[in-house]
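The block underneath contains the structure these notes are about, expressed in structure tokens.
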Amino acid sequence: FLTFEGDLKWDHNDLTYRVLNYSPDLDASVIDDAFARAFKVWSDVTPLTFSRLQSGEADIMIQFGTQEHGDGYPFDGKDGLLAHAFPPGKGVQGDAHFDDDEFWTLGTGIVVKTSYGNANGAACHFPFTFEGQSYSTCISEGRSDGLPWCATTPNYDTDKVYGFCPSELLYTYDGNSDGAKCVFPFIFDGKSYDACTTDGRSDGYRWCGTTASFDQDKKYGFCPNRDTAVIGGNSQGDPCVFPFTFLSQTYSACTSEGRQDGKLWCATTSNYDTDHKWGFCPDQGYSLFLVAAHEFGHSLGLDHSSVREALMYPMYSYIKDFHLHPDDVSGIQFLYGRGSGPAPTTQAPDIPDQATTQAEDTTTTEGDSPLPTEPSPVDPSSDACKMNSFDAITEINGELHFFKSGNYWKSSVSRKGAIQGPFRISATWPALPALIDTAFQDVLTKKLFFFSGRRFWVYTGSSVVGPRGIEKLGIGKEAERISGALQRGRGKVLLFSGEKYWRLDVKVQKVDKGYPRLTDDTFAGVPLNAHDVFLYQGKYHFCMDRFYWRMTPRYQVEQVGYVKYDILNCP
Amino acid sequence: PLHSKPQAVITFPGELVSNRTDLQLAESYLLRFGYTESEGKTRSRHVSMGKALRRMQKQLGLEETGELDASTLDAMRAPRCGVPDVGR
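So the sequence lines, in the order shown, correspond to chains E and B.
Just so we're aligned, residue 1 is where the first sequence starts under the working numbering, counting upward by one.
Just so we're aligned, residue 1001 is where the second sequence starts under the working numbering, counting upward by one.
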């Protein structure tokens, strides 16, 4: 994940939001619900709370708009840009804007919520049967008032459950008429109108008078889109007119003729050739909930992630059963902490470093024994799967070693799920302190390097050299500790600290010239504050908290997951 | 057999994203989302395009070819958030 420059975040946790207007695509209640669910995505994993304001200035002001909508960052018509949001702060900062040239749905096509009737506001069921005929749109058949309606079950003839579809003949939204229906004809600027119009507006929203004369009463409202309304084009919100003529051919359904991109469109008058009025036919649309959850991530301080499965990845994709990705969770918790969500599992306190008073650069043991004695577990009930995170992880002699607070566990790379330990670090490598920041095994010599704070030890079998200061390696005081190591071919190892890394020549035990370098320049997309970095099965692993980012040797983050479940194979 | 008539492609009025070339699309995408700087700040248009494409491909998890290949163009045409990927 990434945060905005300077880690912009709110200085309070009780955030407010306000919905300034609505889209004609969805019922207001559906929009309100989508936004509320989108905020809940973030409040579930942080201490943040979100309260809705009906008036005044809220932290996060939400609005729908088209093209240039007042902030200097215009939208671009249907598809392309869907929405944008500003990082936390005053004024426009924190606000979220949604492109109303998109077709807003819940991700799987039109949502036609009914009003009145006897269906309690249920959504239309398409297709439905009425008097033996099947319908896939709202209809006015069977009524003399022209109001569109639908059945909310598959068969009206048997169930008799129905509701009225969105229509300007039933209600308006926003404006100043409290949802009153349109009055046709109405007078605007001395002209009579028999239908909703975009005249007098530059934003393309369709409106109507809710009394007979707008000029006199100034009462108006916006027209909800009918289910047959087109999206974008130059007739946003108008219904398709079938049949229509296009290049002298007659069409009775939406067509992709005349286009290279295969998108379906229709004319909104009976003759495109003479009137040139058109729009796109409704498609699956974009999930307002998913897009809003992404934008609110920006409103809270998250920048785009390079993890394709993360919510904060910049491209839209529809996900049926949405769950916040670990990358998003660690991003938002980096900014705001964990909140009162699921309590972290028991984590043993770090044992104070007993070796800090030892003299540096001393050879403590030079023995003959080729291998340390195989340790016996100290407390089999102490479970690696109960650890929230590990101080260091590395592969030694084909087994992954997980170090934590004076103990370590081993996991066979080939036998998944078999975890041995814990073993006392001091029993196997007596010279080492309890806290190990990083360890690695040199590929060529099989020597083991351990780092703790600014000191390191080198074990060859049971022989040890150290502790020595890392300045002996050529690493300056900017590194308080070595947080990770990646073996790079024969005799070279990358050592990470903070946002930098050095390349160590293991044979001469000096870092190469030209280092340190910025981690982000080479390893973009991984957390820069990773507390552990290690090589496992040829891939780079960057750990933060419970999570790891797996990067290919071509520097592409290919997976983010849980250390516990994916690497330790805990149940 | 029926002879299919050649498909006519027209420019629809009011459509903002019209018939831009792939190169024009790429240039505006890279600029809009922060992978390139506006003209005048760049030293070599060709060099900066290749570098910017690599950067974009890396950011979006595409194969890093530095070329305007099909998958890169598809990514540029995909629906997305308007917040830049790089910079402010």
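Cβ atoms here follow ideal geometry from the backbone N, Cα and C, with glycine treated the same way.
All of these numbers come straight from a predicted model, not from anything done at the bench.
Burial state of residue i (16 or more Cβ within 10 Å)
i              : result
residue 519/E  : buried
residue 40/E   : exposed
residue 581/E  : Residue numbering for chain E in the displayed model covers 1 to 571; residue 581/E lies beyond these limits and cannot be assessed.
residue 323/E  : exposed
residue 70/E   : exposed
residue 48/E   : buried
residue 80/E   : buried
residue 1009/B : exposed
residue 216/E  : exposed
residue 347/E  : For residue 347/E, the pLDDT reaches just 28, beneath the cut-off of 50, and the residue's location in the model is therefore unreliable, although a value from the coordinates is still provided. Answer is exposed; the Cβ neighbour count stays below 16.
residue 175/E  : buried
residue 407/E  : buried
residue 598/E  : Residue 598/E cannot be examined here, being either before or after the span of chain E that is shown, 1 to 571.
residue 1059/B : buried
residue 585/E  : No statement about residue 585/E is possible, as the shown extent of chain E runs from 1 to 571 and does not include it.
residue 168/E  : buried
residue 444/E  : exposed
residue 30/E   : buried
residue 634/E  : Because chain E here runs from 1 to 571, residue 634/E falls outside it and cannot be looked at.
residue 178/E  : exposed
residue 1024/B : exposed
Nearest-angstrom Cβ-Cβ length linking residue i and residue j, presumed shorter than 8 Å
i             : j             : result
residue 25/E  : residue 104/E : 4 Å
residue 384/E : residue 535/E : Rounded, the Cβ-Cβ distance is 20 Å, inconsistent with contact.
residue 244/E : residue 270/E : 5 Å
residue 472/E : residue 458/E : Between residue 458/E and residue 472/E the Cβ distance is about 11 Å, and since that is not below 8 Å, they are no contact.
residue 107/E : residue 232/E : Not quite, the Cβ-Cβ distance comes to about 18 Å (not below 8 Å), so this is no contact.
residue 530/E : residue 544/E : 5 Å
DSSP-derived helix/strand/coil call for residue i
i              : result
residue 427/E  : helix
residue 467/E  : strand
residue 330/E  : helix
residue 194/E  : coil
residue 1070/B : helix
residue 67/E   : coil
residue 1055/B : helix
residue 573/E  : Residue 573/E cannot be examined here, being either before or after the span of chain E that is shown, 1 to 571.
residue 556/E  : coil
residue 92/E   : coil
residue 360/E  : In this prediction, residue 360/E has a pLDDT of 35, which is less than 50 and means its spatial position is unreliable; what the coordinates show is noted afterwards. DSSP places residue 360/E in coil when its eight states are reduced to three.
residue 418/E  : coil
residue 365/E  : In this predicted model, residue 365/E has a pLDDT of only 34, less than 50, meaning its place in the structure is not dependable; the value taken from the coordinates is given anyway. Of the three classes helix, strand and coil, the one that applies to residue 365/E here is strand, per DSSP.
residue 52/E   : strand
residue 1081/B : strand
residue 1022/B : helix
residue 411/E  : strand
residue 1062/B : coil
Residue i versus residue j - alpha carbon distance
i              : j              : result
residue 3/E    : residue 151/E  : 47 Å
residue 210/E  : residue 199/E  : 15 Å
residue 504/E  : residue 497/E  : 13 Å
residue 261/E  : residue 318/E  : 20 Å
residue 67/E   : residue 33/E   : 25 Å
residue 237/E  : residue 11/E   : 41 Å
residue 1064/B : residue 1055/B : 8 Å
residue 251/E  : residue 257/E  : 10 Å
residue 88/E   : residue 50/E   : 14 Å
residue 109/E  : residue 328/E  : 27 Å
residue 485/E  : residue 295/E  : 36 Å
residue 132/E  : residue 145/E  : 22 Å
residue 98/E   : residue 9/E    : 22 Å
residue 282/E  : residue 230/E  : 6 Å
residue 1070/B : residue 525/E  : 23 Å
residue 203/E  : residue 387/E  : 55 Å
residue 125/E  : residue 137/E  : 9 Å
residue 1011/B : residue 276/E  : 11 Å
residue 54/E   : residue 400/E  : 56 Å
residue 393/E  : residue 429/E  : 16 Å
residue 62/E   : residue 201/E  : 20 Å
residue 555/E  : residue 303/E  : 20 Å
residue 463/E  : residue 491/E  : 20 Å
Heavy atom of the ligand SAM within 8 Å of residue i beta-carbon
i             : result
residue 541/E : This structure lacks the ligand SAM, and indeed carries no ligand of any kind.
4 or more residues per run - each alpha helix (DSSP H) lying fully within the stretch 3-43 of chain E: 28-43
Entirely enclosed beta strand (DSSP E) segments - the stretch 234-314 of chain E, minimum 3 residues: 244-246, 249-251, 265-267 and 278-280
Unbroken stretches of the alpha helix (DSSP H), 4 residues or longer, contained in the stretch 203-237 of chain E: 214-217
Contained beta strand (DSSP E) runs [length at least 3] in the stretch 440-509 of chain E, N- to C-terminal order: 448-452, 455-460, 463-469, 484-487, 492-497 and 500-505
Alpha helix (DSSP H) runs wholly inside the stretch 519-566 of chain E, at least 4 long, in chain order: 519-522
Every unbroken alpha helix (DSSP H) inside the stretch 110-179 of chain E [4 residues or more]: 156-159
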